[in-house]
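Taking our numbering, the leading residue of the sequence shown gets 1144, the next gets one more, and so forth. Just so it is clear, CB atoms sit at the ideal spot from N, CA and C, and this is done for glycine as well. Just so we're clear, the structure is a prediction, and the values are computed from it rather than from any experiment. First up is the structure itself, then whatever we jot down about it.
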Amino acid sequence: MSSLLIEGGKRLDGEITVQGAKNAVLPILAATVLSGGRNVVYNCPDLSDVSSTVEVLENLGCSVMRRGSILEVDSSNIDNCTIPDSLMRKMRSSIIFLGAIIARCREACVSMPGGCEIGQRPIDLHLKALRSLGIDITESHGYIHCKADKLIGAEIHLDFPSVGATENVMLAACMADGITTLENAAREPEIVDLQNFLNRMGAKISGGGGSVIKIEGVSRLYGIEHNIMPDRIVAGTYLVCAAATRGQIVLNGADSSHMSAVLNLLSDMGCKVWREKNRIALCADKRTIAPPCIKTMPYPGFPTDIQSPFMALTAISEGTSVFVENIFENRYQHVDELIRMGADIRVDGRCAVVIGKDRLCGAHVEAKELRGGAALVVAALAAEGRSIIDNIKYIDRGYEHIEKYLSLCGASITRRE
Ligand code: EPZ
1144 MSSLLIEGGK RLDGEITVQG AKNAVLPILA ATVLSGGRNV VYNCPDLSDV SSTVEVLENL
1204 GCSVMRRGSI LEVDSSNIDN CTIPDSLMRK MRSSIIFLGA IIARCREACV SMPGGCEIGQ
1264 RPIDLHLKAL RSLGIDITES HGYIHCKADK LIGAEIHLDF PSVGATENVM LAACMADGIT
1324 TLENAAREPE IVDLQNFLNR MGAKISGGGG SVIKIEGVSR LYGIEHNIMP DRIVAGTYLV
1384 CAAATRGQIV LNGADSSHMS AVLNLLSDMG CKVWREKNRI ALCADKRTIA PPCIKTMPYP
1444 GFPTDIQSPF MALTAISEGT SVFVENIFEN RYQHVDELIR MGADIRVDGR CAVVIGKDRL
1504 CGAHVEAKEL RGGAALVVAA LAAEGRSIID NIKYIDRGYE HIEKYLSLCG ASITRRE
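This is how it looks when you write it as structure tokens:
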């Protein structure tokens, strides 16, 4: 089990180049299955979720070569349309392969993804939308069996703007017969990156980033090269680390247009924030002011993925904050660990009340899931004394070499295997 050792109390002061977005590269790697050719993905982050996705691609018959942040995927020889239980349990978000495999092979069989640390994670919206495209889907023995003689464009409405369901429809419909319109689509920037990738492959998709996406089916797609967008959640996390340590940071490669809710909140909390198209700077020379209420919402609302890092920041801000987690039902697992560090937090269902303290104390804590683990890093950097964070495999799923980047900014942080 790997751990992070952090000596808190050091002001961050430095520059970081933001990694490629995990939640953009995963669906884009799934999309490489559609081309039947050679695809090259640049700015691919070094994450365990990316490694798991490569395993899925190789399991399907793709050949994958990695050179640093460049990933080359040749999907000429797809000889399998099944994702086994072992791989689905490794990474439940492999469900976004469903649409791509069906579009390429006209059949697919994947193990039920099941829930995860942050919630039950149902896929009913995915399956209802895919059935609208003429796909016959049966669920038995823990597997989802899909078959379609042909895919037919349809008018689809999502009951909730699900990111994964939106991506699955885009992947399945881009080579269907006819036109698909998807209403109440997710509007996240990662959807736009996927649309751009697919259109460069030869797809005809418009409306990405809005609530209605139109997909005009084409007969085939071609392998291309693509540069992954920057990770807005990782960027926001590093800004919170600087704010928590009353430091300053420059983020190169960050796209500030994806981060309005986060940047506006940091300004409201008293941080000085400078934003350019591909660079963000933050300076926090005093204790932050607690925002009265933080509610997570679908994009462009406040992102659920950065709720826990902000909770760590409000734990040492001046005043009281109320959090409302509207997206996932179990996204407060970091609270008990923050309390071990001296935080004053009370949880009641989807709500959490945080009364800011002057300081936290270092402690031995445990990451329970990806973004909750990042929250513990924020708290440990600001806390007095030493912290040990166990189970950092969760953090490695979404943050590339976190200890390297933070050390470059002056943090005292080391990894212990
Ligand atoms: C994506 O998950 C992201 N993951 C999540 O990031 C992110 O938190 C989430 O979108 C919301 O922005 C990836 O992109 C790989 P959803 P996804 O479908 O697609 C309910 C991280 O930390 N729902 O938009 O699974 C669901 O239960 C991860 O990087 C259904 O009810 O999210 C949840 O309450 C965590 N039925 C809500 O919708 C469905 O069929 C949002 O889920 C699908 C979803």
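Please return the same chain residues whose Cβ sits closer than 6 Å to the Cβ of Ala1297, not counting the five positions on each side in sequence. Numbered from 1 along the sequence shown, position 154 holds the residue referred to as residue 1297. Closer than 6 Å at Cβ, skipping near neighbours: Ser1275, Leu1276, Thr1323.
Using C-beta distances below 6 Å, list every residue in its chain close to Tyr1185, excluding the 5 sequence neighbours before and after it, in chain order. Your numbering for residue 1185 matches position 42 in the sequence shown. Same-chain partners within the cutoff: Ile1213, Asn1370.
So Pro1434 and Leu1408 are in contact, right, with Cβ under 8 Å, and what is the actual spacing, rounded? For the purposes of this step, residue 1434 is identified with residue 291 of the sequence shown, where counting begins at 1. For the purposes of this step, residue 1408 is identified with residue 265 of the sequence shown, where counting begins at 1. At roughly 6 Å, the Cβ-Cβ gap stays under 8 Å, so Pro1434 and Leu1408 are in contact.
For a test of the three-state rule: what should DSSP assign to Ala1164, helix, strand or coil? To locate residue 1164, count along the sequence shown from 1; it is residue 21. In the structure shown, Ala1164 sits in coil (DSSP, three-state: anything other than H, G, I, E or B).
Does the Cβ of Val1520 lie closer than 7 Å to at least one heavy atom of the ligand EPZ? Locating residue 1520 in the sequence shown gives position 377, counting from the first residue. Not under cutoff, so the answer is no.
Work out the CA separation of Tyr1548 and Asp1192 for me, nearest whole Å. Here the question's residue 1192 lines up with position 49 in the sequence shown. Here the question's residue 1548 lines up with position 405 in the sequence shown. When rounded, the distance between both Cα atoms is 19 Å.
Same chain, Cβ closer than 6 Å to Tyr1286, neighbours up to 5 away in sequence not counted: Counting from 1 along the sequence shown, the entry for residue 1286 is found at position 143. Result list for Tyr1286: Cys1252, Ser1254, in chain order.
At what residues does the alpha helix (DSSP H) containing Ile1278 begin and finish? As a first step, residue 1278 must be located in the sequence shown, where it is residue number 135. It is not in any alpha helix (DSSP H) - Ile1278 carries neither H nor E in the DSSP assignment.
Endpoints, beta strand (DSSP E) assigned at Lys1415: Taking the first residue of the sequence shown as 1, we reach residue 1415 at position 272. Note, Lys1415: beta strand (DSSP E), 1415-1419.
Selected residue, minimal CA-CA separation from Leu1241, among Cys1384, Ile1226, Met1234: As a position in the sequence shown, residue 1241 is number 98, starting the count at 1. Comparing Cα-Cα distances from Leu1241 to each of Cys1384, Ile1226, Met1234, the minimum goes to Ile1226.
Under 7 Å from any heavy atom of the ligand EPZ, does the C-beta of Arg1209 make it? The sequence position of residue 1209 within the sequence shown is 66, counting from 1. In this structure, the C-beta of Arg1209 stays at least 7 Å away from each heavy atom of the ligand EPZ.
DSSP-derived helix/strand/coil call for Lys1536: In the sequence shown, residue 1536 corresponds to position 393, counting from 1. Correct three-state label for Lys1536: helix.
Taking contact to mean 3 or more Cβ pairs, one atom from each stretch, closer than 8 Å, check whether the stretch 1398-1405 and the stretch 1525-1545 are in contact. no
In the DSSP assignment, what residue or residues form a beta bridge with Thr1463? As a position in the sequence shown, residue 1463 is number 320, starting the count at 1. Thr1463 pairs with Ile1498.
Cβ shell of Arg1249 (< 6 Å), same chain only, five flanking positions each side left out: Taking the first residue of the sequence shown as position 1, residue 1249 is located at position 106. Hits under 6 Å: Ala1291.
If I follow the unbroken beta strand (DSSP E) through Cys1289, where does it start and stop? Residue mapping note: residue 1289 aligns to position 146 of the sequence shown, counting from 1. Start and end: 1286-1290.
Taking one C-beta from the stretch 1388-1395 and one from the stretch 1411-1431 each time, how about it: are there three or more such pairs within less than 8 Å? yes
Ser1258 versus His1288, Glu1472, Val1361, residue with shortest Cα-Cα distance: Here residue 1258 refers to the residue found at position 115 of the sequence shown. It is Gly, not Ser, that sits at residue 1258 in the sequence shown. Cα-wise, what sits closest to Gly1258 is Glu1472.
Taking 7 Å as the cut-off, is the CB of Arg1264 close to at least one heavy atom of the ligand EPZ? If you number the sequence shown from 1, residue 1264 lands on position 121. For the ligand EPZ, at least one heavy atom lies less than 7 Å from the Cβ of Arg1264.
Beta-carbon spacing of Leu1364, Gly1351 below 8 Å: The residue given as residue 1364 occupies position 221 in the sequence shown. The residue given as residue 1351 occupies position 208 in the sequence shown. The answer is no: Cβ separation not under 8 Å.
Could you please give the first and the last residue of the uninterrupted alpha helix (DSSP H) stretch that includes Leu1456? In the sequence shown, counting from the first residue as 1, residue 1456 sits at position 313. 1450-1457 is the span of the alpha helix (DSSP H), which, as asked, contains Leu1456.
With DSSP run on the structure shown, which of helix, strand or coil describes Asp1336? In the sequence shown, counting from the first residue as 1, residue 1336 sits at position 193. Three-state result, Asp1336: helix.
Taking the beta strand (DSSP E) that Tyr1185 belongs to, which residues open and close that run? Position 42 of the sequence shown, counting from 1, holds the residue named residue 1185. Where Tyr1185 is concerned, the enclosing beta strand (DSSP E) stretches over 1181-1185.
Let me confirm a value: Ser1567 is counted as buried when at least 16 other C-beta atoms fall within 10 Å, else exposed. Which label applies? Given that the chain is displayed from residue 1144 to residue 1560, the structure contains no residue 1567 and the question cannot be resolved.
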